[in-house]
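Beneath this line is the structure, given in structure tokens, with notes to follow.
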Amino acid sequence: MRTLVVIGFSLLCAGMLTLFSQIQDLLKYLFSLGALYVGIQFFKRYETRSMRIAFVVTTVLFYFIFAVFYAIYLTMQQQQAA
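Residue numbers for the sequence shown follow our numbering, so the first one is 25 and each next one is one higher.
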């Protein structure tokens, strides 16, 4: 159950960070604040060091995975347009 909680919070936080890094509008800062809020809520609920480390590591991994998938998506869109 703890694994699913870490994965769920990490997916949410990584998704918001991915949107923050890709959007070029003022709206991007709302996603940054959302990711910060999710992180604070996770740290409030789980005070053990291992859970916090797992959250940070999986969030970073999911962020990189989402960034790669988004880059692939953009490449495919540019290939179809050309």
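Just so it is clear, CB atoms sit at the ideal spot from N, CA and C, and this is done for glycine as well.
- Around the beta carbon of S74, fewer than 16 other beta carbons sit within 10 angstroms, so the residue counts as exposed.
- For M40, the enclosing alpha helix (DSSP H) stretches over residues R26 to Q46.
- Remark: three or more beta-carbon pairs, one from each stretch, lie closer than 8 angstroms, so the stretch 37-45 and the stretch 76-88 are flagged as touching.
- Linking T99 to Q48 through their CA atoms gives a straight-line distance of about 18 angstroms.
- Distances from the CA of Q46 to each of F33, A95, Q102 and Q101 were compared; the closest alpha carbon is that of A95.
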